[in-house]
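Note that the numbering used here has the sequence shown beginning at 23, numbered continuously upward.
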Amino acid sequence: MICAGIDPGTSTYEIFALENEEPFDKITVLTREVREDPSILLKALKDLNADVIAGLSGYGLPIKRFSELDERDLFLMTLNKDKDITMGMRRLIEIAKRDNLNLYTIPGVIHLPTIPEWRKINRIDMGTADKLCSVCLALHQLSDEVPIDKQRFVLVEAGFGFNAFISVKNGKVVDGVGGTSGFPAFSSLGAMDSELAYLLKPFPKSLLFSGGIKSYLRDRGVKIEEVEHLKEYKILVEFILKGIRVAEVSVGKINKVFLSGKVFEIPRIAKAIKTEYEIIKLKGFGFAKQSAEGAAIIANGIANGKFKKIMEHLEIHRARGTVLDYITSEFREYFDFKI
């Protein structure tokens, strides 16, 4: 049985396949090529001849076959009202329907029933679908040492764009701080001061990807494009530690922190976190991008493979609702769309 997961990265789409429980193949496609012609990605998936594929879910959606997706689902996965920007995903869905591809969505963190509802109040981004994939991979990686139901840690994903923090207690996700609801990252601002949001008009979605440490330094005459060149790394370390502390509240005192993402390839940043916590680098199978490997684990679980036990423990099959279910009525009345 072949099961595959997809990581839709900024520069490349990566497809990772498992044959039963072992790494089988990795396919890389340039993101710009997929944007120009989404059928390239679908052809790669068809050539792989996988039994089940999972991924491409953005903010997430309870498990659903791509051939069953509609316009509402597309909006809930992307939270983007610009049809031109979401055209590529629309074409992917159309082709998946036409070819009856066995491709499934993955929930986001907020969809999980293991998180108390009060932690979801007026929250949307508690961790996108790829963050849940990384949690699956972390549980698998640690399972050789610690039974899944005994695992307790915070998973930190820190890349060029966003930082996210997922709280895991007894092997279940109990809280999450997503990239747009947390602390500043290298390129993005994270959560926005409500007073600043009030002053902005218009408010293009592109702003969510800016306003981070890079912008702060640029406005002070320091131009830097790559996080590896960040001399003021202690700023980033402080924000990461703050995120871990926040995530720790929901699980109690922890001694293990999983680190994932481009930022932790910089030795001085990982070393700084290590002074406060025992760190574990998220390696997984060591074959492909972590979220692609985690998505393949979920695909294997959907296909009733060996990794189904991880899915069942995380209660992924019980994921329900939408990312907008916990927005209170005072805010809902200002939505300019219907759900």
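All C-beta atoms, glycine included, are put in the ideal place defined by N, C-alpha and C. Small disclaimer: the values here were computed from a predicted structure and weren't measured.
Using C-beta distances below 6 Å, list every residue in its chain close to F205, excluding the 5 sequence neighbours before and after it, in chain order. G212, F261, K264, G265
So, is the C-beta of A219 closer than 8 Å to a C-beta in chain E? Note that chain E does not occur in the displayed structure, where there is just one protein chain.
State buried or exposed for P129, treating a residue as buried only when at least 16 other CB atoms are found within 10 Å of its CB. buried
One or two residues paired with D29 in a DSSP bridge: E36
Of all the options N326, P135, S237, S156, which has the alpha carbon lying nearest to the alpha carbon of R340? P135
For L211, does the three-state DSSP call read helix, strand or coil? coil
By Cβ distance, which residues of its chain are closer than 6 Å to F38, with the 5 residues on each side in sequence left out? G27, K48, A310, A314, E315, A318
Does the region 47-66 come within contact of the region 134-150, defined as at least 3 CB pairs closer than 8 Å? no
Between K360 and N42, what straight-line distance do the alpha-carbon atoms span, to the nearest angstrom? 42 Å
What are the residues that DSSP puts in a beta bridge with P45? L40
Let me check understanding here. Comparing Cα to Cα, which of R54, I170, R240 lies closest to G110? R54
Contact the region 276-294 vs the region 175-186: 3+ CB pairs below 8 Å: yes
Should I188 be labelled buried (16 or more other beta-carbon atoms within 10 Å of its own) or exposed? buried
Distance between M333 and A321 (C-alpha atoms, nearest Å): 10 Å
On the DSSP letters alone, give me the boundaries of the alpha helix (DSSP H) that E334 sits inside. 330-336
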